[in-house]
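Taking it in order: structure first as structure tokens, then the write-up.
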Amino acid sequence: MSNRRDFIKRVGLGATALSVLPTNVFSESSEMKQLTILHTNDTHSHIHPFTSGRNKGFGGMAQRASIIKKVREEGNQVLLLDAGDIFQGTPYFNIYGGELEFKLMSEMGYDASTIGNHDFDNGIDGLVKQLPHANFPFIVSNYDFSDTEIEGKYLKYKVFNKGGIKVGVFGIGIELKGLVPKKLYRNTLYQDPIIQSNHYARYLKESLGCDLVICLSHLGFKYKTKKMSDKILASQSKHIDLIIGGHTHTFLNKPVFVKNLHQKEVQIAQVGWAGINIGRIDYFFNQKMCVKKVEGSSIFIKKQ
Amino acid sequence: MKIKLKIIYITVVLLSSCSTQLVIDHNQNEIIPVISTPDSAITAMINPYKIGIDSVMNEVICISEREMTKGRPESLLGNFVTDLCLEEFSDKANICIMNNGGLRFPLPKGEITIGDIYKLMPFENELVVLELNGLELFSLIEYIYSRKGEPFSGIKIYSMDSCMILSNRNILYRNENKILMSEPVIASSCGEEEEVYVVSKIDKTYKIRILTSDYLAYGGDKMSFFKGKTQQKLEIKLRDVIINYCKTKGFINSSLDERFTYKTKNNE
Chain F
1246 MSNRRDFIKR VGLGATALSV LPTNVFSESS EMKQLTILHT NDTHSHIHPF
1296 TSGRNKGFGG MAQRASIIKK VREEGNQVLL LDAGDIFQGT PYFNIYGGEL
1346 EFKLMSEMGY DASTIGNHDF DNGIDGLVKQ LPHANFPFIV SNYDFSDTEI
1396 EGKYLKYKVF NKGGIKVGVF GIGIELKGLV PKKLYRNTLY QDPIIQSNHY
1446 ARYLKESLGC DLVICLSHLG FKYKTKKMSD KILASQSKHI DLIIGGHTHT
1496 FLNKPVFVKN LHQKEVQIAQ VGWAGINIGR IDYFFNQKMC VKKVEGSSIF
1546 IKKQ
Chain Z
118 MKIKLKIIYI TVVLLSSCST QLVIDHNQNE IIPVISTPDS AITAMINPYK
168 IGIDSVMNEV ICISEREMTK GRPESLLGNF VTDLCLEEFS DKANICIMNN
218 GGLRFPLPKG EITIGDIYKL MPFENELVVL ELNGLELFSL IEYIYSRKGE
268 PFSGIKIYSM DSCMILSNRN ILYRNENKIL MSEPVIASSC GEEEEVYVVS
318 KIDKTYKIRI LTSDYLAYGG DKMSFFKGKT QQKLEIKLRD VIINYCKTKG
368 FINSSLDERF TYKTKNNE
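Respectively, the protein sequence lines represent chains F and Z.
The number in the working numbering is simply the position in the first sequence, starting from 1, with 1245 added.
The number in the working numbering is simply the position in the second sequence, starting from 1, with 117 added.
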């Protein structure tokens, strides 16, 4: 028992030493775990801040990196995600094909992105060519890529372990027919977003025991028509907790909640485009206690 | 001290619990506007690429004989862009229309760089061809009239009262050396001295192909007559068409040719 206690003590000390004590982590409840999700969408090769127009002064990847760094310095677990359309919008893409965008996102520590329609703008081969510059995975669950060059180079889902919090992430792409020339997306087969979402979300939540299930979506927030959107997907879902969306360049300045098939609220988030904003969502988790008594009070660490 | 104890407590809970399940208690949302000092490491990574971009953007692709600005009823810049597009795709379309608002920057006199064309056309708009019938063509011309001019090429629109399309649906327009018109029209009342002859009756059965950008083809800038039309995508960006044209020609020019004269009875 003493060995165990020593171990606990060491680990505890280590954890204390490692965490740069944030101001708000335990302010709500000492028993909650916190996860900070940062997200962007439709950044469209905007490397520099806008120099004119109504977004003048906003955006820029070096500026985005500064903000992300500051959030990381708070010491919480951070999950950094993008909802696609990283490509296209400035000469940086026309000339370098997305290489710089991927390199900078890797440097910023992105955990994952999904694939947007504009990420096909140099063809599937154009995207595959840039993949070595990204150290984060591309996740999409409703494109059958088996007859394309990207097969084996993307993920259907991924489970992130963020300090003991299991986060399941899957991705949903938009229908490419009519939106992207066939010669660019080639033999990519579009699969039903609802069927694929329900399959992967259930797998992540129930089979893999994820504490949080996130859908990275490039469907678009909502449409006047019956076109598939994040709102429709959320309403037809069962196990998604959060949809991080893109495509429609929608700026949701307040969280949007939609009731799913189980009458549970699903949150949808999207933060405009061109890297003007970063979305931040902090999740606070309660730990389901075991009946077993813990020795919390018996461990004491000397005052520094 | 208190905080520290709490941290230890949590660590113990984790280690001694039986496969801990976490349950979401609540979440907090925040939008962080990206306005900040730049990160130096990222800036250093961007710099070599920026130098490359600048060198590409500074490449001189042609010489312009004059400064071209946009405007209404017609403009040097609007005529330049629509004329070159129609010239490039003369086998695919009869008329080209763009929007004045979409031409974002004037072209200077003298050396034109790739960067100048990016400023003129920063959008990724691609060219498409749509087929309109005669009545929809009327709508298009009425639109141009209601906007007091939008950039177009391939036709000549007279808007003096006697020929005013809004009043009596008479239309006279010219395509190359042919003059097409609807019935009835009295050419002299339009101030046209060229020989005028009827080639086709402009009605629902009449078909004409319009070259435009995909943005406008989807009904952008209130071009509602394009909505729902089948688009033949040319799969080339408007910007690239302009750049290719400049590179090919070496020298570029534009002129005002009274293709659209916005006049009303009052100011005649």
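For every residue, glycine included, the Cβ atom is placed at its ideal position computed from N, Cα and C.
Any C-beta of chain B under 8 Å from that of residue i
{"i": "Y166 (chain Z)", "result": "Of the chains in the structure shown, none is chain B; the protein chains are F and Z."}
Of the listed residues the options, nearest to residue i (C-alpha basis)
{"i": "K344 (chain Z)", "options": "Z:I272, Z:V245 and Z:N361", "result": "Z:V245"}
{"i": "I1331 (chain F)", "options": "F:N1505, F:M1277, F:G1517 and F:R1525", "result": "F:G1517"}
{"i": "T322 (chain Z)", "options": "Z:I180, Z:G251, Z:Q349 and Z:L355", "result": "Z:G251"}
{"i": "A210 (chain Z)", "options": "Z:S172, Z:T329, Z:M174 and Z:C179", "result": "Z:T329"}
{"i": "I1459 (chain F)", "options": "F:A1446, F:T1470 and F:G1465", "result": "F:A1446"}
{"i": "K1428 (chain F)", "options": "F:N1367, F:D1456, F:K1401 and F:N1522", "result": "F:N1367"}
{"i": "G367 (chain Z)", "options": "Z:S181, Z:I149 and Z:I168", "result": "Z:S181"}
{"i": "I159 (chain Z)", "options": "F:T1285, F:G1418, F:F1405 and F:E1352", "result": "F:E1352"}
{"i": "Y1341 (chain F)", "options": "Z:M215, Z:L257 and Z:I168", "result": "Z:I168"}
{"i": "E267 (chain Z)", "options": "Z:D200, Z:Y362, Z:C202 and Z:S192", "result": "Z:S192"}
{"i": "F1295 (chain F)", "options": "F:G1329, F:G1423, F:P1438 and F:R1309", "result": "F:R1309"}
{"i": "D374 (chain Z)", "options": "Z:I148, Z:K339, Z:S270 and Z:Q348", "result": "Z:S270"}
{"i": "T1493 (chain F)", "options": "F:K1476, F:K1504, F:K1422 and F:L1487", "result": "F:K1476"}
{"i": "K273 (chain Z)", "options": "Z:D142, Z:S157, Z:D200 and Z:Q348", "result": "Z:D200"}
{"i": "S341 (chain Z)", "options": "Z:L254, Z:R376 and Z:V358", "result": "Z:L254"}
Limits of the unbroken alpha helix (DSSP H) element including residue i
{"i": "T160 (chain Z)", "result": "S157 to M174"}
{"i": "E253 (chain Z)", "result": "G251 to S263"}
{"i": "S1311 (chain F)", "result": "M1306 to E1318"}
CB contact below 8 Å: residue i versus chain F
{"i": "I178 (chain Z)", "result": "no"}
{"i": "A334 (chain Z)", "result": "no"}
{"i": "L237 (chain Z)", "result": "no"}
{"i": "E248 (chain Z)", "result": "no"}
{"i": "G218 (chain Z)", "result": "no"}
{"i": "P155 (chain Z)", "result": "yes"}
{"i": "E205 (chain Z)", "result": "no"}
{"i": "P225 (chain Z)", "result": "no"}
{"i": "I327 (chain Z)", "result": "no"}
{"i": "T186 (chain Z)", "result": "no"}
Contact with chain Z by residue i, beta-carbon distance below 8 Å
{"i": "I1360 (chain F)", "result": "no"}
{"i": "I1384 (chain F)", "result": "no"}
{"i": "Q1322 (chain F)", "result": "no"}
{"i": "P1377 (chain F)", "result": "no"}
{"i": "M1277 (chain F)", "result": "yes"}
{"i": "L1424 (chain F)", "result": "no"}
{"i": "P1267 (chain F)", "result": "Because P1267 (chain F) sits at a pLDDT of 40, beneath the cut-off of 50, its placement in the model cannot be relied upon, and the point is left open."}
{"i": "F1529 (chain F)", "result": "yes"}
{"i": "G1302 (chain F)", "result": "yes"}
{"i": "Y1341 (chain F)", "result": "yes"}
Own chain, CB closer than 8 Å to residue i, minus 5 neighbours either side, in chain order
{"i": "I231 (chain Z)", "result": "V173, M174, N175, E176, I178 and I360"}
{"i": "Q1508 (chain F)", "result": "none"}
{"i": "M185 (chain Z)", "result": "S192, L193, L194, F197, P223, L224 and S371"}
Chain-order list of residues whose beta-carbon lies under 6 Å from that of residue i (same chain, five-residue window excluded)
{"i": "K1471 (chain F)", "result": "none"}
{"i": "Y1337 (chain F)", "result": "S1290, I1292 and L1345"}
{"i": "N370 (chain Z)", "result": "E182"}
{"i": "K388 (chain Z)", "result": "The structure shown does not extend to residue 388 (chain Z), since chain Z is modelled only from 118 through 385, so no value can be given for it."}
{"i": "G1408 (chain F)", "result": "Q1322"}
{"i": "L1506 (chain F)", "result": "K1483"}
Boundaries (first-last residue) of the beta strand (DSSP E) holding residue i
{"i": "I327 (chain Z)", "result": "K324 to S330"}
{"i": "M238 (chain Z)", "result": "Note, M238 (chain Z): premise wrong, no beta strand (DSSP E); not H, not E."}
{"i": "T1281 (chain F)", "result": "M1277 to T1285"}
{"i": "D1527 (chain F)", "result": "N1522 to K1533"}
{"i": "A1519 (chain F)", "result": "Premise fails: A1519 (chain F) is in no beta strand (DSSP E) and is neither H nor E."}
{"i": "I180 (chain Z)", "result": "V177 to S181"}
{"i": "C363 (chain Z)", "result": "Note, C363 (chain Z): premise wrong, no beta strand (DSSP E); alpha helix (DSSP H) at L355 to K366."}
{"i": "K1403 (chain F)", "result": "Y1402 to K1407"}
Three-state secondary structure (DSSP) of residue i
{"i": "L1326 (chain F)", "result": "strand"}
{"i": "P150 (chain Z)", "result": "strand"}
{"i": "S1391 (chain F)", "result": "coil"}
{"i": "T199 (chain Z)", "result": "helix"}
{"i": "H1492 (chain F)", "result": "coil"}
{"i": "M1350 (chain F)", "result": "helix"}
{"i": "G1368 (chain F)", "result": "helix"}
{"i": "Q1441 (chain F)", "result": "helix"}
{"i": "Y1436 (chain F)", "result": "Here residue 1436 (chain F) turns out to be Gln, not Tyr, going by the sequence shown. Coil, per DSSP."}
{"i": "E375 (chain Z)", "result": "coil"}
{"i": "A1357 (chain F)", "result": "strand"}
Close beta carbons around residue i, own chain, < 7 Å, minus the five adjacent residues each side
{"i": "E241 (chain Z)", "result": "K354"}
{"i": "G1298 (chain F)", "result": "none"}
{"i": "F1390 (chain F)", "result": "E1396, Y1399 and T1433"}
{"i": "N146 (chain Z)", "result": "none"}
{"i": "N1269 (chain F)", "result": "With a pLDDT of 39 at N1269 (chain F), under the threshold of 50, the modelled position of this residue cannot be trusted; read the value that follows with caution. Within the same chain, N1269 (chain F) has no close Cβ partners at all."}
{"i": "Q1364 (chain F)", "result": "The residue asked about is misnamed: residue 1364 (chain F) is Asp in this sequence, not Gln. These residues qualify, in order along the chain: G1329, D1330, I1331, F1332 and L1372."}
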